[in-house]
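> Provided herewith is a single structure, encoded as structure tokens, for subsequent inquiry.
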Amino acid sequence: MLIVGAGPSGLTLGISLRRQGIDCLIIDRLDTPSPYSRALGLHARTLEIFSALDVLAPIRKASRLLKGVSVYGDKGFLFDLDLTTLKAPFPWVLSCPQSQVEETLIQRYKALGGEMLRGVELLDFTQDGSRVTARIRQGAQVSTVESAILVGADGVGSTVREQLGIGYKGVDYKEHFLLADVPWKAPWREDSSHGFLQEAGLLIALPLPNGWRLIMATDDEPEEPVTLAPFEERLGSILGEVPALGTAHWLSQFTVQRRLAQNYRRNRAFLVGDAAHVQSPLGAQGMNTGIADAFNLGWKLGYYLKGYGDGRLLDSYEQERRPVAEKMLYGVDMLSRASLVKLPLLRRSRDSLLKMAGSRPGIATRLLRTASQLDVHYRNSPMVTSGPEAELGWRHQGPLPGDRLPDAAMRSVRTGHLHQLHDLLKKPVHHLLLQLSANPEHNEKLVLYAFSDRLGQDYRERAHLTVIASRHTPEEQIPQEGTTRIWQDHEGEFAAAFGEGPRLWLMRPDGHLGYRAPVGNADHLLGYLDAVLQRVNSE
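When we follow my numbering, the leftmost residue of the sequence shown carries the number 574, and every step to the right adds one.
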């Protein structure tokens, strides 16, 4: 595997592949990682991914935890969003500079045996039915690298995308943005981000692990070099006095684009992250979406390179992830346009709508789940389905095929240890959850025995079995077969999120639901596994 680009998307992909034992080389044109970064916020879904990849603990240690979002208009406060109300394992945002995220991911990638070359530029590449041949340059030396797959994680100006001739259509915003990281002691909550939709222009204040990041919009092209004077002026109009910001750690300016690649794949070459999509930084969606791209693609490439699945599995990456980016781009574009509106009448209408939305818990919850990417789903993917009896009265109890599976507290029947359902994601395989009724019947036990035998024989590398017993089932009545993992619904969270059993839930390595059905559809599930995960090639 050859990955071009050592940013968060490329590194997430590299870690995902190395967890599966896939040989992997990441190249990057920079001699050293950049100490500066525009990306900052890590949302709840990204934290789940990082937990699965065993990088969350060091990233959390280097971050500031944000529990809320506060928004203000010309006449003062508009609304607060409480992130801790999210039903998720990590209901917050971590404020962690991209440079720190990259450092942690690099350490994890190398600890897994991943190879990285810096100061290396991709010149061009060709591909045929069996391999990709890339020419790379390191200093004055040009050499050739062959790999089964090439992934472009090389940003907005992606060489991989340009070599493939894939369009990158979109628009440029006319506004200019200034950025300053300062060691300032702001007069606002340090566990919340703050947005000021002022007549003078947009200002965003984000707590950093040390200090604050300030981002402001301006219609005029900024003077070079960028100074703190515009920030002090804008803050003066908000606070009533000009603050002393100290000496900036970093000053920068940038403009914003909204672009989406026409395709994410061409034969053996793929695009992830900014190489596939770019948008306004408002809402902090870009880095998070790229990380999720890589997490989706990683298990599929790993399966394919081990000889499981066919072109349909690889096609599903674009089929699942491009609609997510398309929806995200539209939402961020609407947010940006609303934040930057100038006409007084429109501004008053916007502020009234925002104040109303903030006062309605249902709307606030939807906004939070969308921004946190917890509601991303692949229901239209050809790679997810349900059993033939899935429509019989309980279709809307629990997640649908393609949804992200909720987390739940579990207790091991054998050891008594407590676990979380999402702990299973640390093993990059499919996990079949066999949910039993409170009083398991004979047919449930037969299905348990059959799956314990069949999965162990035919799908050991790709599917593991976990039995989920009801919290109301006495321990002596819980079937215990072979080496199967037996967990009990510790506090009823599984039943509350999934409904009552007996049912079959097939969780993919990315935490999304691949298949669901009542226990009576066990044969149909085996047919699904054969179709999706069968051995079809030897690469």
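Glycine included, every Cβ here is placed at the ideal spot set by N, Cα and C. Just so it is clear, the structure is predicted and the values come from calculations on it, not from any experiment.
Can you tell me whether G966 is buried or exposed, with buried defined as 16 or more other CB within 10 angstroms of its CB?
Translated into the one-based positions of the sequence shown, residue 966 becomes position 393. Note on G966: pLDDT 49, under 50, position unreliable in the model; the coordinate value appears next. With fewer than 16 other Cβ atoms within 10 Å, it is exposed.
> For L1009, I'd like the list of residues in its chain whose CB is within less than 6 Å of its CB, leaving aside the five on either flank, ordered along the chain.
What you label residue 1009 is simply residue 436 of the sequence shown in a count that begins at 1. So the list reads E1017, A1042, G1074 and P1075, once near-sequence residues are dropped.
> Nearest CA to the CA of D847: which residue from I576, S582 and L575?
Residue numbering aside, residue 847 sits at position 274 when the sequence shown is read from its first letter. Ranking the options by Cα distance to D847, first place goes to S582.
> Looking at G641 and the ligand ADP, is the gap between the Cβ and the nearest heavy atom below 7 Å?
Of ligands this structure carries none, so the ligand ADP is not represented either.
> Would a C-beta distance cut-off of 8 Å place I632 and I864 closer than the cut-off?
The residue labelled residue 632 in the question sits at position 59 within the sequence shown. The residue labelled residue 864 in the question sits at position 291 within the sequence shown. Result no, Cβ atoms of I632 and I864 do not sit closer than 8 Å.
> Alpha carbon to alpha carbon, how far is T706 from S1111? Give it in angstroms, no decimals.
For the purposes of this step, residue 1111 is taken as residue 538 along the sequence shown, with counting starting at 1. For the purposes of this step, residue 706 is taken as residue 133 along the sequence shown, with counting starting at 1. Because the pLDDT at S1111 is just 43, under 50, the model does not fix this residue reliably, and the point stays unresolved.
> What's the gap between the Cα of D754 and the Cα of R762?
Translated into positions along the sequence shown, residue 754 becomes position 181. Translated into positions along the sequence shown, residue 762 becomes position 189. Taking the straight line joining both Cα atoms gives about 17 Å.
> Does DSSP put H995 in a helix, a strand or coil?
Within the sequence shown, numbered from 1, the residue matching residue 995 stands at position 422. Helix.
> State buried or exposed for R987, treating a residue as buried only when at least 16 other CB atoms are found within 10 Å of its CB.
Here the question's residue 987 lines up with position 414 in the sequence shown. By the 10 Å Cβ count, R987 comes out exposed.
> Roughly how far, in whole angstroms, is the beta-carbon of M1080 from the beta-carbon of L1006, given that I think they are within contact range, below 8 Å?
Within the sequence shown, numbered from 1, the residue matching residue 1080 stands at position 507. Within the sequence shown, numbered from 1, the residue matching residue 1006 stands at position 433. Correct: roughly 6 Å between the Cβ atoms.
> Distance check for A790 and L902, CA to CA, integer angstroms please.
Counted from its first residue, the sequence shown places residue 902 at position 329. Counted from its first residue, the sequence shown places residue 790 at position 217. If I take the Cα positions, the gap works out to 19 Å.
> Under three-state DSSP, which class holds V666?
Counted from its first residue, the sequence shown places residue 666 at position 93. Three-state result, V666: strand.
> Taking the alpha carbon of L991 as the reference point, which residue from D1062, R831 and G971 has its own alpha carbon closest?
Start at 1 with the first residue of the sequence shown, and residue 991 comes out as number 418. Out of D1062, R831 and G971, the CA that lies nearest to the CA of L991 is found in D1062.
> Return the bridge partner residues of W1078 from the DSSP annotation.
Residue 1078 sits at position 505 when you count from the first residue of the sequence shown. According to DSSP, W1078 bridges with L1006 and R1089.
> Using a Cβ-Cβ cutoff of less than 8 Å, which residues in the same chain neighbour P608 once the five nearest sequence positions on both sides are dropped?
As a first step, residue 608 is located in the sequence shown; it is residue number 35 there, counting from the start. Here the set comprises S672.
> Taking only runs of the beta strand (DSSP E) that begin and end inside the stretch 713-767, which ones reach a length of at least 3 residues, in chain order?
714-720, 723-725 and 741-755
> Does DSSP classify V986 as helix, strand or coil?
For the purposes of this step, residue 986 is identified with residue 413 of the sequence shown, where counting begins at 1. Three-state DSSP puts V986 in coil, outside helix and strand.
> Only counting the same chain, and skipping five residues up and downstream in sequence, which positions put a Cβ closer than 8 Å to that of G686?
Within the sequence shown, the letter at position 113 stands for residue 686. Correct list, in chain order: R591.
> At which residue ranges does the stretch 1011-1059 contain complete alpha helix (DSSP H) runs of 4 or more residues, listed in the order of the chain?
Every alpha helix (DSSP H) stretch that sits fully inside the stretch 1011-1059 and reaches 4 residues is listed by chain position as 1015-1031.
> Pull the bridge partners of F698 from the DSSP assignment, please.
For this step, residue 698 is matched to residue 125 along the sequence shown. When beta bridges are read from the DSSP output, F698 appears opposite A707.
> How big is the Cα-Cα spacing for L1038 and L781?
Here residue 1038 refers to the residue found at position 465 of the sequence shown. Here residue 781 refers to the residue found at position 208 of the sequence shown. Using only the alpha carbons, I get a separation of about 42 Å.
> Nearest-angstrom Cα distance between G712 and S1025?
As a position in the sequence shown, residue 712 is number 139, starting the count at 1. As a position in the sequence shown, residue 1025 is number 452, starting the count at 1. So the two alpha carbons sit approximately 55 Å from each other.
> Would you give the residue range spanned by the beta strand (DSSP E) that V628 belongs to?
Translated into positions along the sequence shown, residue 628 becomes position 55. That residue, V628, is in no beta strand (DSSP E); it is neither H nor E in DSSP.
> What does DSSP give as the partner residue(s) for E891 in the beta ladder?
The residue given as residue 891 occupies position 318 in the sequence shown. Answer by DSSP bridge pairing: none, since E891 is not bridged.
> Should V666 and L615 be called a contact, given that it needs their Cβ atoms to be closer than 8 Å?
On the sequence shown, residue 666 is found 93 positions in, with the first residue counted as 1. On the sequence shown, residue 615 is found 42 positions in, with the first residue counted as 1. Yes.
> Rounded to the nearest angstrom, how far is the Cβ of L870 from that of F843, given a contact under 8 Å?
The sequence position of residue 870 within the sequence shown is 297, counting from 1. The sequence position of residue 843 within the sequence shown is 270, counting from 1. Indeed they touch by this definition, with Cβ atoms about 6 Å apart.
> DSSP on I588, reduced to helix/strand/coil?
Position 15 of the sequence shown, counted from the start, is the residue given in the question as residue 588. Three-state result, I588: helix.
> With H, G and I counted as helix, E and B as strand and the rest as coil, what does DSSP make of M574?
Within the sequence shown, residue 574 is the residue found at index 1, counting from 1. Residue state, collapsed to three classes: coil.
> Give the secondary structure of D906 by DSSP, where H, G and I count as helix, E and B as strand, and everything else as coil.
Here residue 906 corresponds to residue number 333 of the sequence shown, with the count starting at 1. In the structure shown, D906 sits in a helix (DSSP, three-state: H, G or I).
> Based on the DSSP output, what are the partners of H850 in its beta bridges?
Along the sequence shown, read from residue 1 onward, the residue named residue 850 stands at position 277. Answer is L833.
> Is it the case that the Cβ atoms of V832 and G743 are separated by a distance below 8 Å?
Reading the sequence shown from its first residue, position 259 is the one you call residue 832. Reading the sequence shown from its first residue, position 170 is the one you call residue 743. Reading off the sequence, residue 832 comes out as Arg, not Val. Less than 8 Å divides the Cβ of R832 from the Cβ of G743.
> Let me know the secondary structure DSSP gives Q771 once reduced to three states.
As a position in the sequence shown, residue 771 is number 198, starting the count at 1. DSSP places Q771 in strand when its eight states are reduced to three.
> Buried or exposed: where does Q858 fall if 16 or more other Cβ atoms within 10 Å of its Cβ makes it buried?
Along the sequence shown, read from residue 1 onward, the residue named residue 858 stands at position 285. Result: buried.
> From L940 to R933, what does the alpha carbon distance come to, in whole angstroms?
Translated into the one-based positions of the sequence shown, residue 940 becomes position 367. Translated into the one-based positions of the sequence shown, residue 933 becomes position 360. Rounded to the nearest angstrom, the two C-alpha atoms are 11 Å apart.
> Could you have a look at V845 and say whether DSSP puts it in helix, strand or coil?
Sequence index remark: in the sequence shown, residue 845 carries index 272 (1-based). Looking at V845 - three-state DSSP - the assignment turns out to be coil, as it is neither helix nor strand.
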